[in-house]
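Using my numbering, the first residue of the sequence shown is number 1, and each one after it goes up by one. Heads up, the beta-carbon is just placed ideally off N, CA and C, and yes, glycines get one too. Since we're looking at a predicted model, the values are computed, not measured.
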Amino acid sequence: MSSEESPQAPRRGRNPFPLLAGLALLVAVAGGVWWFVMVRPAQSLAENTISKVERFLGGLMGNRGQITRLDSSSLLKVSDVGELALMEFDLKVNKEIRSEQVVIGPLTSTKNLRMEGRFKVKIGYDITSGLTVGYNEQGQAIIQGLGEPKVLSAEMESVKTVEDKSGIWNKVNKKDRDQLVNQLRLQAIRDVKESGMLKQMDSLMQQNMKALLGVEDIQIEPVLESSVIP
Numbered sequence: 001m002s003s004e005e006s007p008q009a010p011r012r013g014r015n016p017f018p019l020l021a022g023l024a025l026l027v028a029v030a031g032g033v034w035w036f037v038m039v040r041p042a043q044s045l046a047e048n049t050i051s052k053v054e055r056f057l058g059g060l061m062g063n064r065g066q067i068t069r070l071d072s073s074s075l076l077k078v079s080d081v082g083e084l085a086l087m088e089f090d091l092k093v094n095k096e097i098r099s100e101q102v103v104i105g106p107l108t109s110t111k112n113l114r115m116e117g118r119f120k121v122k123i124g125y126d127i128t129s130g131l132t133v134g135y136n137e138q139g140q141a142i143i144q145g146l147g148e149p150k151v152l153s154a155e156m157e158s159v160k161t162v163e164d165k166s167g168i169w170n171k172v173n174k175k176d177r178d179q180l181v182n183q184l185r186l187q188a189i190r191d192v193k194e195s196g197m198l199k200q201m202d203s204l205m206q207q208n209m210k211a212l213l214g215v216e217d218i219q220i221e222p223v224l225e226s227s228v229i230p
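Rendered as structure tokens:
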């Protein structure tokens with residue numbers, strides 16, 4: 001007795017859709033986790049850092065100038081400031097003029113003028129062209145438009161004559177006094193430059209910016225790039 005073989009049902013091909021859908025979901029979940037765990041905190045940190053820099057610069061500027069964020073939230077543009085004075089102090093300077101004039105033979109006539117001036121000195125940076133602070137596209141901390149620190153002003157508050165001695169044929173005159181007053185101001189500026197105070201202030205400024213931006217090295221360029229000039 002022969003047995004009849006029942007026909008086998010045709011096999012269906014395995015549907016890859018659930019596998020692909022699961023894989024896509026896994027990628028989406030992984031991407032979301034990456035965004036919230038790595039990217040978003042990094043962006044928030046950068047935004048918080050730039051906010052600190054913004055407050056710091058705002059405090060230095062007082063009510064002058066404007067601080068705006070460029071297209072990238074990692075760059076700040078400072079404009080309409082002019083001069084940024086970071087230190088102001090009083091300075092006393094002494095200067096003298098001594099002149100000996102031959103009258104005849106060994107006979108001479110000597111005049112001596114010594115004056116003391118008190119000045120109100122301001123030192124800082126000239127940022128008339130503006131300033132850019134933050135991170136470039138490579139993530140490097142930068143400051144553009146920050147040149148060398150300088151004596152911004154040396155305003156004479158008072159002047160007094162310490163010594164005024166005229167010779168019989170060599171008198172102290174108004175021209176001598178005006179010349180010495182001008183030399184007092186130049187001497188005040190020279191004293192500040194030679195004291196090392198400008199270098200100390202520049203170093204302190206860089207240290208503060210490094211600390212605010214959270215870096216050990218910062219790229220300082222004295223001239224703004226044309227793309228970010230206000």
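In chain order, what residues of the same chain lie with their CB nearer than 7 angstroms to the CB of residue i, ignoring the 5 residues before and after it?
{"i": "Gln183", "result": "Lys95"}
{"i": "Ser74", "result": "Ala46, Ile50, Gly134 and Tyr135"}
{"i": "Phe89", "result": "Val121"}
{"i": "Gly58", "result": "Ile67"}
{"i": "Lys52", "result": "Leu212"}
{"i": "Gly214", "result": "Thr49"}
Can you look up residue i in the DSSP assignment and give me helix, strand or coil?
{"i": "Gln206", "result": "helix"}
{"i": "Gly134", "result": "strand"}
{"i": "Ser74", "result": "coil"}
{"i": "Gly147", "result": "coil"}
{"i": "Ser257", "result": "There is simply no residue 257 to check, as the chain begins at 1 and stops at 230 in what is shown."}
{"i": "Met38", "result": "Low confidence applies to Met38: its pLDDT is 35, below 50, so where it sits in the model is not reliable, and the reading given next is rough at best. Of the three classes helix, strand and coil, the one that applies to Met38 here is helix, per DSSP."}
{"i": "Ile50", "result": "helix"}
{"i": "Ile189", "result": "helix"}
{"i": "Lys171", "result": "coil"}
{"i": "Leu84", "result": "strand"}
{"i": "Ala28", "result": "Residue confidence for Ala28 is low, a pLDDT of 38 falling below 50, so the modelled location carries little weight; the figure read from the coordinates is stated next. Ala28 falls in the helix class under three-state DSSP."}
Can you tell me which residues form a DSSP beta bridge with residue i?
{"i": "Asn94", "result": "Glu116"}
{"i": "Glu163", "result": "Arg114"}
{"i": "Ser99", "result": "Lys111"}
{"i": "Ala141", "result": "Tyr135"}
{"i": "Ile218", "result": "According to DSSP, Ile218 bridges with nothing at all."}
{"i": "Ile67", "result": "Val78"}
{"i": "Ser158", "result": "Arg118"}
{"i": "Gly59", "result": "Its beta-bridge partners do not exist; DSSP assigns none."}
{"i": "Gly244", "result": "Here the chain comprises residues numbered 1 to 230, so residue 244 is not present and cannot be evaluated."}
From the options, pick the residue whose C-alpha is nearest to that of residue i; which is it?
{"i": "Val159", "options": "Leu91, Lys199, Ile123 and Glu137", "result": "Leu91"}
{"i": "Ile220", "options": "Ala85, Ala141, Leu180 and Gln200", "result": "Ala141"}
{"i": "Gln200", "options": "Thr161, Met61, Glu148 and Arg185", "result": "Glu148"}
{"i": "Gly82", "options": "Met197, Val53, Ile127 and Leu76", "result": "Ile127"}
{"i": "Gly145", "options": "Lys52, Pro222, Ile97 and Leu70", "result": "Pro222"}
{"i": "Leu131", "options": "Glu216, Ile143 and Leu70", "result": "Ile143"}
{"i": "Lys174", "options": "Thr161, Arg185 and Leu186", "result": "Thr161"}
{"i": "Phe119", "options": "Met205, Leu107, Gly196 and Ala188", "result": "Ala188"}
{"i": "Asp217", "options": "Leu76, Arg98, Ile97 and Gly139", "result": "Gly139"}
{"i": "Asn63", "options": "Asp80, Asn48, Gly117 and Leu70", "result": "Asp80"}
{"i": "Val93", "options": "Arg185, Ser129, Gly65 and Ser99", "result": "Arg185"}
{"i": "Gly65", "options": "Glu137, Val215, Ser129 and Met205", "result": "Ser129"}
{"i": "Glu78", "options": "Leu198, Ser99 and Glu54", "result": "Reading the sequence as shown, one finds Val at residue 78 and not Glu. Taking only the C-alpha atoms, the option nearest Val78 is Glu54."}
{"i": "Glu137", "options": "Leu198, Leu70 and Arg98", "result": "Leu70"}
Can you find the residues in the same chain that come closer than 8 angstroms, C-beta to C-beta, to residue i, ignoring five residues on each side of it along the sequence?
{"i": "Gly124", "result": "Glu83, Leu84, Ala85, Leu86, Met87, Pro149, Lys150, Leu152 and Met201"}
{"i": "Gly196", "result": "none"}
{"i": "Met61", "result": "Ile67, Val78, Val81 and Leu84"}
Looking only at its own chain, which residues have a Cβ that is under 6 angstroms from the Cβ of residue i, when we skip the five neighbours before and after it?
{"i": "Val172", "result": "Lys111, Leu113, Asp164 and Ser166"}
{"i": "Trp169", "result": "Val103 and Ser109"}
{"i": "Gly117", "result": "Val93, Met156, Val159 and Leu184"}
Distance cutoff 7 angstroms, beta carbons only. Does residue i sit that close to anything in chain B?
{"i": "Thr132", "result": "No chain B appears in the structure shown, which is made up of a single protein chain."}
> Is the stretch 97-108 close to the stretch 184-193, with three or more CB pairs under 8 angstroms?
Replying inline: No contact exists between the stretch 97-108 and the stretch 184-193.
>> Under 8 angstroms, with one C-beta from each stretch per pair, do the stretch 140-155 and the stretch 170-183 reach the 3-pair mark?
In response: Cβ pair count under 8 angstroms is below three, so no.
>> Three or more C-beta pairs under 8 angstroms: does that hold for the stretch 108-122 against the stretch 208-220?
In response: Two segments are said to touch when three or more pairs of C-beta atoms, one from each, lie closer than 8 angstroms; by this definition the stretch 108-122 does not touch the stretch 208-220.
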